[in-house]
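As they're listed, the protein sequences go chains A and B. One gets this note's numbering by counting positions in the first sequence from 1 and adding 480 to each. One gets this note's numbering by counting positions in the second sequence from 1 and adding 480 to each. Yeah, the Cβ is synthetic: ideal placement off N, Cα and C, and Gly gets one too. Being a predicted model, the structure only gives us computed values, none of them experimental. Shown next, in structure tokens, is the structure this report addresses.
2 protein chains.
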Amino acid sequence: MSRIHRFTGEASNMNWEHAVHRAYDRDGVVGARGSVMISPADGAQHFLFRYYHVLPGGNTMLEDHAHDHGVMVLHGHATVRLGEETHEVGPQDIVYISPWEVHQFHAVGNEPFGFLCVIPNKDMLAKLLAAAN
Amino acid sequence: MSRIHRFTGEASNMNWEHAVHRAYDRDGVVGARGSVMISPADGAQHFLFRYYHVLPGGNTMLEDHAHDHGVMVLHGHATVRLGEETHEVGPQDIVYISPWEVHQFHAVGNEPFGFLCVIPNKDMLAKLLAAAN
Numbered sequence: 481m482s483r484i485h486r487f488t489g490e491a492s493n494m495n496w497e498h499a500v501h502r503a504y505d506r507d508g509v510v511g512a513r514g515s516v517m518i519s520p521a522d523g524a525q526h527f528l529f530r531y532y533h534v535l536p537g538g539n540t541m542l543e544d545h546a547h548d549h550g551v552m553v554l555h556g557h558a559t560v561r562l563g564e565e566t567h568e569v570g571p572q573d574i575v576y577i578s579p580w581e582v583h584q585f586h587a588v589g590n591e592p593f594g595f596l597c598v599i600p601n602k603d604m605l606a607k608l609l610a611a612a613n
Numbered sequence: 481m482s483r484i485h486r487f488t489g490e491a492s493n494m495n496w497e498h499a500v501h502r503a504y505d506r507d508g509v510v511g512a513r514g515s516v517m518i519s520p521a522d523g524a525q526h527f528l529f530r531y532y533h534v535l536p537g538g539n540t541m542l543e544d545h546a547h548d549h550g551v552m553v554l555h556g557h558a559t560v561r562l563g564e565e566t567h568e569v570g571p572q573d574i575v576y577i578s579p580w581e582v583h584q585f586h587a588v589g590n591e592p593f594g595f596l597c598v599i600p601n602k603d604m605l606a607k608l609l610a611a612a613n
């Protein structure tokens, strides 16, 4: 079914109706948490919409994996590691993170860093991989 | 490859590095245009990031199709038709539009309406459909 997730948050602390909050307690993560907006709970089979909030000085996990990410910065500033390179990003910048690219965000400055992170649905990826084999 | 699309636009007229602009001349469309940011040109196989800009009083196409959409309003206000229902949406609202849902946006108010529209890659959808048959 289609569904609207109305914005209910603030400019540097975003939230939406029906968002599911996650602790994001993973190795090396500092001061970060996540939410899931569009998900299979909406009937979405192909992708998820997630929001990550990183406190000043905090960071996401250093990781690489088979799925890619589409990121749009919603507030604040960060450095993003992409493989061996590091770049600064700010509001409305869009980052495509390809499969198996090592990546990590570090919030910089005095404001929380927040971004939309689109990820393909894992079940969908599993079907694609099965079809390719 | 990973790629950053830096924001180069304005609050109500957004643009990004490496964005590909489209006329969006389709049946019934009024005062709207589109851009593609994340695409196969980035190596993205699973989804696309697109931006649509609708002038005050304008609208997108009334349509339904096999793929779904993930939408985040970036500026302005609109009504969105979802099947037989119509809702008002504004900045930061997120809309999941399920497959085969009839949908259309009408910009309301005096400001242009702009939104991020995520769509699964058609080639990926074709593979999924082939795997399902």
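Buried or exposed by the 16-neighbour rule on C-beta atoms within 10 Å, applied to residue i
{"i": "B/Asp505", "result": "exposed"}
{"i": "B/Gly537", "result": "exposed"}
{"i": "B/Gly514", "result": "buried"}
{"i": "B/Ala512", "result": "buried"}
{"i": "B/Glu565", "result": "exposed"}
{"i": "B/Leu554", "result": "buried"}
{"i": "A/Leu609", "result": "exposed"}
{"i": "B/Asp522", "result": "buried"}
{"i": "B/Glu581", "result": "buried"}
{"i": "A/Ala611", "result": "exposed"}
Min CB distance residue i to chain B below 8 Å
{"i": "A/Glu564", "result": "no"}
{"i": "A/Lys602", "result": "no"}
{"i": "A/Glu543", "result": "no"}
{"i": "A/Tyr576", "result": "yes"}
{"i": "A/Glu598", "result": "According to the sequence as given, residue 598 of chain A is Val; it is not Glu. Interface residue, yes."}
{"i": "A/Leu609", "result": "no"}
{"i": "A/Asp548", "result": "yes"}
{"i": "A/Arg483", "result": "yes"}
{"i": "A/His501", "result": "no"}
Euclidean distance between Cα positions of residue i and residue j
{"i": "A/Ala587", "j": "A/Ile599", "result": "21 Å"}
{"i": "B/Thr540", "j": "B/Thr559", "result": "11 Å"}
{"i": "A/Glu497", "j": "B/His501", "result": "32 Å"}
{"i": "B/Met481", "j": "A/Val575", "result": "11 Å"}
{"i": "A/His526", "j": "A/Val510", "result": "29 Å"}
{"i": "A/Asn495", "j": "B/Asp603", "result": "33 Å"}
{"i": "A/His485", "j": "A/Asn601", "result": "19 Å"}
{"i": "A/Asn493", "j": "B/Gly508", "result": "38 Å"}
{"i": "A/Gln584", "j": "B/Phe529", "result": "21 Å"}
{"i": "A/Ala453", "j": "A/Arg561", "result": "Within the shown structure, residues of chain A are numbered from 481 to 613, placing residue 453 of chain A beyond reach of any answer."}
{"i": "A/His533", "j": "A/Ala503", "result": "11 Å"}
{"i": "A/Gly489", "j": "B/Gln572", "result": "9 Å"}
{"i": "A/Leu542", "j": "A/His567", "result": "15 Å"}
{"i": "A/Cys597", "j": "B/Arg483", "result": "15 Å"}
{"i": "A/His545", "j": "A/Asn590", "result": "30 Å"}
{"i": "B/Ala524", "j": "B/Gly563", "result": "30 Å"}
{"i": "A/Val569", "j": "A/Phe487", "result": "23 Å"}
{"i": "A/Leu623", "j": "A/Pro592", "result": "Outside the shown range of chain A, which is 481 to 613, sits residue 623 of chain A, and nothing can be said about it."}
{"i": "B/Tyr531", "j": "A/Met552", "result": "12 Å"}
Rounded distance between the beta-carbons of residue j and residue i, thought under 8 Å
{"i": "B/Asp548", "j": "B/Ser519", "result": "The Cβ separation is near 18 Å, so there is no contact."}
{"i": "B/Gly556", "j": "B/Gly594", "result": "6 Å"}
{"i": "A/Ala499", "j": "A/Val516", "result": "7 Å"}
is_contact[residue i, chain A] using C-beta, thresh 8 Å
{"i": "B/Asp522", "result": "yes"}
{"i": "B/Phe585", "result": "no"}
{"i": "B/Pro571", "result": "yes"}
{"i": "B/Glu581", "result": "yes"}
{"i": "B/His555", "result": "no"}
{"i": "B/Arg486", "result": "yes"}
{"i": "B/Phe529", "result": "yes"}
{"i": "B/His533", "result": "no"}
- Message: For a minimum of 3 consecutive residues, which ranges assigned as the beta strand (DSSP E) are wholly contained in the stretch 521-585 of chain B?
- Response: 527-539, 549-555, 557-562, 565-569 and 574-577
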